[in-house]
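Just below is one structure, and these are the notes that go with it.
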Amino acid sequence: MPRVTVLITLYNKGAFVEEAVRSVLASDYKGFEVLVIDDGSTDQGPERVSAIGDARIRLVRSDRNTGRPAAANRGFDAAQGEYVAVLDADDVMRPERLSRQVAFLDSHPDIDAVGSAMSVFGSKQEFWSWPADDRLGRSKLLFGDPVCYGTTMFRRATLDANALRCDESWRSPGMDFLFLLRCAAHMRFANLPEPLTHYRFGEQNMRHGHDPLEVKARIYAGAFRILGIEAGEEEIRLQLMLHRLFRRVPDAADVVSLANWIAWLKAWNRETGHFPEDGFEAELDRRYRRLFFLIADRRVVAPIAHMRHGAGFTVGNIAYLIKVLLRRLLGWRPDESATPASQVPEPVRGSHIAALNA
Numbered sequence: 003m004p005r006v007t008v009l010i011t012l013y014n015k016g017a018f019v020e021e022a023v024r025s026v027l028a029s030d031y032k033g034f035e036v037l038v039i040d041d042g043s044t045d046q047g048p049e050r051v052s053a054i055g056d057a058r059i060r061l062v063r064s065d066r067n068t069g070r071p072a073a074a075n076r077g078f079d080a081a082q083g084e085y086v087a088v089l090d091a092d093d094v095m096r097p098e099r100l101s102r103q104v105a106f107l108d109s110h111p112d113i114d115a116v117g118s119a120m121s122v123f124g125s126k127q128e129f130w131s132w133p134a135d136d137r138l139g140r141s142k143l144l145f146g147d148p149v150c151y152g153t154t155m156f157r158r159a160t161l162d163a164n165a166l167r168c169d170e171s172w173r174s175p176g177m178d179f180l181f182l183l184r185c186a187a188h189m190r191f192a193n194l195p196e197p198l199t200h201y202r203f204g205e206q207n208m209r210h211g212h213d214p215l216e217v218k219a220r221i222y223a224g225a226f227r228i229l230g231i232e233a234g235e236e237e238i239r240l241q242l243m244l245h246r247l248f249r250r251v252p253d254a255a256d257v258v259s260l261a262n263w264i265a266w267l268k269a270w271n272r273e274t275g276h277f278p279e280d281g282f283e284a285e286l287d288r289r290y291r292r293l294f295f296l297i298a299d300r301r302v303v304a305p306i307a308h309m310r311h312g313a314g315f316t317v318g319n320i321a322y323l324i325k326v327l328l329r330r331l332l333g334w335r336p337d338e339s340a341t342p343a344s345q346v347p348e349p350v351r352g353s354h355i356a357a358l359n360a
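Going by this note's numbering, the sequence shown wraps up at 360, each residue one higher than the last.
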């Protein structure tokens with residue numbers, strides 16, 4: 003019986019899946035199986051997997067496309083290993099990935115899932131990492147993944163004992179985050195600092211071509227349901243401001259509403275204990291404070307409201323606002339209809355990535 007199942011879900015990524023599978027076969031850890039769950043691919047991906055001809059590969063095929071969450075669940079159900087390591091069909095892993103993660107979980111029985119940093123290749127070259135500490139990752143959990151799903155090795159016993167599976171009705175981007183949000187109630191997370199998986203960035207990614215604001219709005223609707231928060235369009239709109247995502251630059255009324263929303267989230271968390279109180283509140287405050295400069299560039303009254311409602315009249319903020327006002331007196335006018343560059347979500351980076359993290 004293999005100790006590790008490497009789970010790859012496949013749908014029309016035939017151009018990449020052979021490279022992904024071969025990267026697993028090159029592992030310096032030997033006690034594994036490669037479980038490829040094909041979800042009704044219409045390209046030659048399944049045939050390319052079969053042609054590799056290695057007994058360590060199990061290919062499970064479907065005659066129809068059921069969606070990535072359902073395919074992942076079939077993989078979790080079929081996995082034989084004590085540990086389940088996830089790999090996306092268009093990514094590749096380093097030879098030492100399995101041995102490093104197995105050694106970590108073996109020596110840390112209190113940890114249920116361990117991810118790693120990730121290097122990005124393809125149309126973008128970057129380095130992404132996640133919090134090493136469970137408490138820090140949990141503090142930021144409302145805003146992004148505590149681990150990157152595609153780099154993570156899970157204890158199968160924890161998944162099975164708590165019936166932790168993906169929501170099969172979810173057919174939009176964000177499956178990873180919502181699954182991990184459910185897992186967080188039953189798991190402790192950790193991340194290794196080295197990039198053990200290489201992420202292929204390009205047009206084949208599920209988020210390519212989607213409006214980031216609409217994507218995150220749908221994800222938050224799902225996340226708030228999981229957390230038991232009754233949130234409508236207005237609450238989601240305010241939450242997206244904390245990611246610097248909006249259709250128009252917030253005005254003074256928006257700033258006051260956002261400050262009230264943050265106060266509500268803090269009170270809710272103090273009552274429910276979903277997230278570490280100090281870290282969660284620090285992350286909320288950090289995201290609120292960083293809005294000041296974006297707003298000050300494009301509004302006159304809103305930055306004053308921002309300072310009055312939480313950010314404070316700091317020397318730095320006042321100096322920046324005076325600088326902007328002087329520029330306006332000299333004739334400079336911002337284009338308030340334009341999309342500020344900072345609205346475009348960073349892929350949670352330099353220190354984190356994922357569904358929400360920007």
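The C-beta atom is built at its ideal place from N, Cα and C for all residues, glycine as well.
Would the beta-carbon of leucine 180 fall within 7 Å of that of lysine 218? no
How should leucine 12 be labelled, buried or exposed, when 16 other C-beta atoms within 10 angstroms of its C-beta is the threshold for buried? buried
Measure the beta-carbon distance from leucine 27 to aspartate 56 and round it to whole angstroms, keeping in mind my assumption that it falls under 8 Å. 6 Å
Integer Cβ distance of glutamate 196 from serine 118, believed to fall under 8 Å: 6 Å
Segment limits, beta strand (DSSP E) that includes threonine 11: 6-12
Is arginine 246 helix, strand or coil when you go by DSSP? coil
Grab the span of the alpha helix (DSSP H) containing isoleucine 306 for me, first residue to last. 304-308
Contact between the stretch 61-69 and the stretch 15-27: three or more CB pairs below 8 Å? no
For tryptophan 266, is the classification buried or exposed, using 16 other Cβ atoms within 10 angstroms of its Cβ as the cut-off for buried? exposed
I need the boundaries of the alpha helix (DSSP H) containing threonine 274, first residue and last residue. 254-274
Which of the three DSSP states, helix, strand or coil, is assigned to valine 19? helix
How close, in whole Å, do the beta carbons of leucine 247 and proline 214 come, if the pair is a contact with beta carbons under 8 Å? 6 Å
Between the stretch 246-265 and the stretch 157-165, are three or more C-beta pairs nearer than 8 Å? no
Which partner residues of isoleucine 59 appear in the DSSP bridge assignment? Val36
Using the Cα positions of alanine 53 and threonine 44, report the straight-line distance between them to the nearest angstrom. 17 Å
Would you report the Cα separation of glycine 352 and serine 121, rounded to the nearest angstrom? Below a pLDDT of 50, predicted positions are generally treated as unreliable, and glycine 352, at 34, falls in that range; no measurement from the model is reported.
Straight-line CA distance for leucine 327 to glycine 318? 14 Å
From arginine 292 to serine 141, what does the alpha carbon distance come to, in whole angstroms? 18 Å
For the structure I just gave you, are there three or more beta carbon pairs, one from the stretch 226-235 and one from the stretch 251-259, closer than 8 Å? no
Looking at alanine 80 and glutamate 170, is the spacing between their C-beta atoms short of 7 Å? no
Closest by CA to tryptophan 130, which one among Gly152, Arg70 and Asp114? Gly152
How far does the alpha helix (DSSP H) with valine 149 in it reach, from first residue to last? Looking at the DSSP string, valine 149 is not in any alpha helix (DSSP H), and its letter there is neither H nor E.
Cβ-based neighbour list, glycine 77, same chain, cut-off 7 Å, excluding 5 preceding and 5 following: Leu9, Thr11, Leu37 and Ile39
Find the nearest neighbour of glutamate 216 within the set Ala313, Ile320, Gly176 and Ala105, judged by alpha-carbon distance. Gly176
Look at the alpha carbon of leucine 161 and the alpha carbon of methionine 189, and state the distance between them as a whole number of angstroms. 9 Å
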